[in-house]
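Residue numbers (my numbering): 20 to 671.
All residues carry an ideal CB built from backbone N, CA and C; glycine is no exception.
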Amino acid sequence: MNAFASLLLEDVLAGRPFVNGDTRVSAKSCFGDEEWDFTNANVARLSSVPAARLRINWAMYCSDASEDQFDDHRGAVITEMMANELKVLGYLYLKLPSAFGLRGVQSVKPQTLVVTIRALVLLFSDVLQHYQLDSWGSTPHLNPIQSLTDVPLRAIREILANSPRVDGGHLKKGLKLLASPIMAAAFQQRTLQWNTQDIKTLPFKTPKKRTDYQRVMPNELFRLLSNTACSDVLGFLHFIGEESHDKAGTPQKPTFDCTLTVGSALIADYIALRQDDRNFAAKSGKKRTGPSPQAEKFKCIYGVGRKEVFSWLYRVQRAAFTVIGLYTGARYSDLTTFTNQCIQTIHGVHVLTGTHVKHEALDAQEGADLWPAIPIMRDAVTCLQYIAQATFNPFLLSGSETVPLGATPRALSLNGFTAAITNYLHEIDTSGRWADWSINAHQLRHTLAHQLARADVGLLFIAHQLKHLHTALHALPPDVTMMYGNVGDLATQRALHSDSAYLEAAKELYSPDRPVAGGGAEAFIVRRKAYFEGMAAQGWTVDEVIENLAKQGLPFASVGIGYCGGRRDTLLKDGKKETPPCIGSLQCNPGACKQAVITRTHAPVWRKILDQNRTLAADPRMAHATEPLLASMHAAEQVLADLGQLAEMERS
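Have a look at this one:
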């Protein structure tokens with residue numbers, strides 16, 4: 020506790036005046052103001068919070084313009100004495116959180132205070148309204164309520180039991196704060212009619228957990244978003260002649276027709292057009308309505324209009340958002356702190372620098388938190404750096420429109436960010452398979468954690484960018500790892516998703532109806548069938564058996580193209596032992612090895628083996644190796660046929 024907090028606590032406990040109308044509660048507001056305004060453009064950790072959630076309008080709560088029914092805090096009315104008492108609570112909670120007995124709480128964020136105060140205002144407004152009705156009707160002898168200390172426990176209980184509001188979490192917290200000893204001292208020995216034990220018995224209502232919410236994207240959706248977004252990012256860099264960091268992706272051509280081999284001049288001239296429009300709006304006070312002479316010249320030179328370029332850049336911008344959202348694992352509040360100059364190299368590791376928000380004090384150091392920047396992420400940032408020259412907005416997550424001269428640039432709102440990625444998905448989903456799918460920031464985090472957890476249990480990466488990130492996270496030097504505010508959190512999320520990853524792998528390996536291939540497949544199928552029949556005789560269902568097996572982990576080592584059962588000698592019919600030829604993963608051929616089993620999770624790699632060997636076998640320069648290439652190709656075909664994947668490939 021600092022010196023100011025110690026003195027404040029002494030004053031409160033001693034009953035001395037500790038606050039007056041001029042006491043500052045924020046950079047913009049004093050205790051006596053009719054509105055407390057906590058907005059502050061200079062604090063990065065508030066940038067993601069809507070301004071409405073950083074203001075408390077006390078005057079509105081004390082007005083007489085109340086209706087019989089109101090949906091939220093904006094229609095609630097309390098007495099002036101109640102408002103002053105809640106002001107005292109708000110001030111002490113902000114300045115002296117440790118006095119409320121909250122373990123480990125060193126500071127309180129203003130948005131936390133705002134939602135707590137709103138919940139209390141709604142409750143006491145309901146109490147006043149119903150109490151007034153009672154005083155007019157069945158119990159006219161009731162004394163009027165002026166102070167929070169006049170509110171009986173019975174009234175609170177009745178309101179909570181009959182109210183449709185589901186803000187029980189905030190209410191419970193607020194009532195506990197009011198019932199704390201520090202508030203008893205602040206109320207100058209006036210006593211509330213309830214205590215912390217009474218609060219435990221109240222019927223608080225909380226929102227029902229959503230059942231329609233998908234925490235994790237299906238693999239197919241992740242692959243579609245990742246592959247298309249990466250291609251759009253690489254396509255932009257390829258168009259302007261900028262070398263990309265990600266060398267494995269396939270660039271996507273612009274959405275407009277253009278014969279230019281290098282489009283850097285087009286982008287430079289387009290940025291100049293946006294600059295010209297910005298200056299025009301600043302001088303004239305209005306946006307340009309028609310095409311300028313420069314815009315006409317632009318279309319004449321390049322054969323494409325500025326609207327077409329704008330639409331393409333908007334697609335690239337959303338693709339870059341998608342890449343960053345998919346591969347940082349950052350919360351939305353963290354993402355809003357990234358600027359177009361956030362890439363740095365520390366200890367030889369490329370990182371994104373920003374500000375970790377959750378659980379951090381507002382006055383903690385800003386811009387010192389790091390996230391691994393894999394190659395495609397650096398490419399995405401490069402795209403956004405170019406786009407920022409047209410929008411004049413330094414935030415990575417920003418709108419597509421130009422920031423007017425003199426206006427303050429702002430990051431995208433949460434709804435703006437999720438809508439951008441969702442709209443991008445619907446644009447690239449030409450089949451309409453994901454037309455009803457909406458993406459949110461939590462889903463992006465959980466999906467990345469799930470994909471990394473899959474890799475941890477030996478399942479294949481569904482995108483090569485995941486391999487880059489998995490490698491980067493494991494290769495961080497200890498001193499750098501400590502600087503990553505997000506790594507520990509991401510590791511925790513991965514651990515939470517490990518059960519589902521093991522279950523996914525176990526289903527493909529153990530489910531009696533799942534095809535398997537490889538040299539050890541026949542013996543494995545026999546053992547699997549006997550095991551499930553035995554467990555069924557004991558009353559176990561197939562799902563129960565698989566879930567139990569998943570909890571035990573997989574008794575196989577993943578070698579990328581299959582599961583290895585271990586280096587065990589094989590007993591031949593003549594009594595001799597045969598040693599497997601492999602040395603680790605070298606010379607590993609699960610298609611023929613008796614120790615190996617291949618499941619459908621390995622099919623993508625076998626498809627790649629088939630395609631590569633087919634291409635090489637048809638190359639005249641590889642004529643000397645045609646025979647082994649064809650043998651490898653036929654082996655891959657056999658594996659895919661055993662897995663039921665070959666016919667599917669031929670249909671596609």
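Q470 has its alpha-carbon roughly 51 Å from the corresponding atom of L167.
The Cβ atoms of T618 and R546 lie no closer than 8 Å to each other.
Between the C-alpha atoms of N214 and L345 there is a straight-line separation of about 47 Å. For D56, the pairing in a beta bridge is given by DSSP as R74. The alpha-carbon of I544 is positioned some 15 Å away from that of V658.
Contact between the stretch 422 to 429 and the stretch 297 to 309 is established, with three or more Cβ pairs separated by less than 8 Å. If the five residues before and after P609 are omitted, its C-beta is found closer than 6 Å to the C-beta atoms of G537, I580, G581, A615 and I617, all from its own chain and listed in chain order. Between P413 and H461, the alpha-carbon positions lie close to 24 Å from each other. Fewer than three pairs of CB atoms, one per stretch, sit closer than 8 Å, so the stretch 235 to 245 makes no contact with the stretch 192 to 211.
The stretch 221 to 229 and the stretch 242 to 257 do not touch, with fewer than 3 CB-CB distances between them shorter than 8 Å. Where L371 is concerned, the enclosing beta strand (DSSP E) starts and stops at V368 to G373. A direct Cα-Cα distance of roughly 14 Å separates D562 from Y550.
In the DSSP assignment, Q631 falls within the alpha helix (DSSP H) that extends over A622 to A636.
Around the Cβ of H92, a 10 Å sphere holds 16 or more other Cβ atoms; the residue is buried. Per DSSP, the beta bridge partners of T358 are F414. In summary, P647 is exposed, with fewer than 16 beta-carbon neighbours lying within 10 Å of its beta-carbon over all protein chains present. About 7 Å separates the beta carbons of L389 and I365, which is inside the 8 Å limit, making them a contact pair.
Taking S144 as reference, the option from V133, Q165, V127 and S126 with the minimal CA-CA separation is Q165.
From the listed residues K377, V342, R325 and E327, the smallest Cα separation to R350 is found for K377.
Closest option to V328, judged by alpha-carbon separation, among T355, N61, D276 and T449: D276. With contact defined as three or more Cβ pairs closer than 8 Å, the stretch 437 to 448 and the stretch 67 to 84 are not in contact. Note on C319: under 16 other CB atoms within 10 angstroms of its CB, so exposed under the neighbour-count rule.
With distances taken between CA atoms, A33 lies nearest to M202 out of L528, M202, F57 and N459.
Its chain contains R176, L179 and A180 as the residues whose beta carbon lies nearer than 8 Å to that of P222, once the 5 sequence neighbours on both sides are disregarded; these appear in chain order. Spatial neighbours of D41 in its own chain (CB-CB distance under 8 Å, excluding positions within 5 residues in sequence) are listed in chain order as C49, F50 and G51. Cβ-Cβ separation between Y443 and T341: approximately 6 Å, consistent with a contact (criterion under 8 Å). For L389, the enclosing beta strand (DSSP E) begins and ends at D388 to P391. Beta-bridge partners of I395 (DSSP): none assigned.
Cβ neighbours of D630 within its own chain (closer than 6 Å, five residues either side excluded): none. Under the three-state reduction of DSSP output, P171 falls in the strand class. Straight through space, the alpha carbons of Y529 and L256 are spaced by roughly 45 Å. Membership of Q294 in the alpha helix (DSSP H) is indicated by the continuous run S283 to S303. In this structure, the straight-line span from the alpha carbon of K47 to that of V96 is close to 24 Å. In this structure the stretch 308 to 324 does not lie against the stretch 354 to 362, because fewer than three pairs of beta carbons, one per stretch, are closer than 8 Å. Shown here, V561 sits in a helix according to DSSP, grouped into three states.
Of the candidates A636, K548 and L416, the residue whose Cα lies closest to the Cα of S67 is L416.
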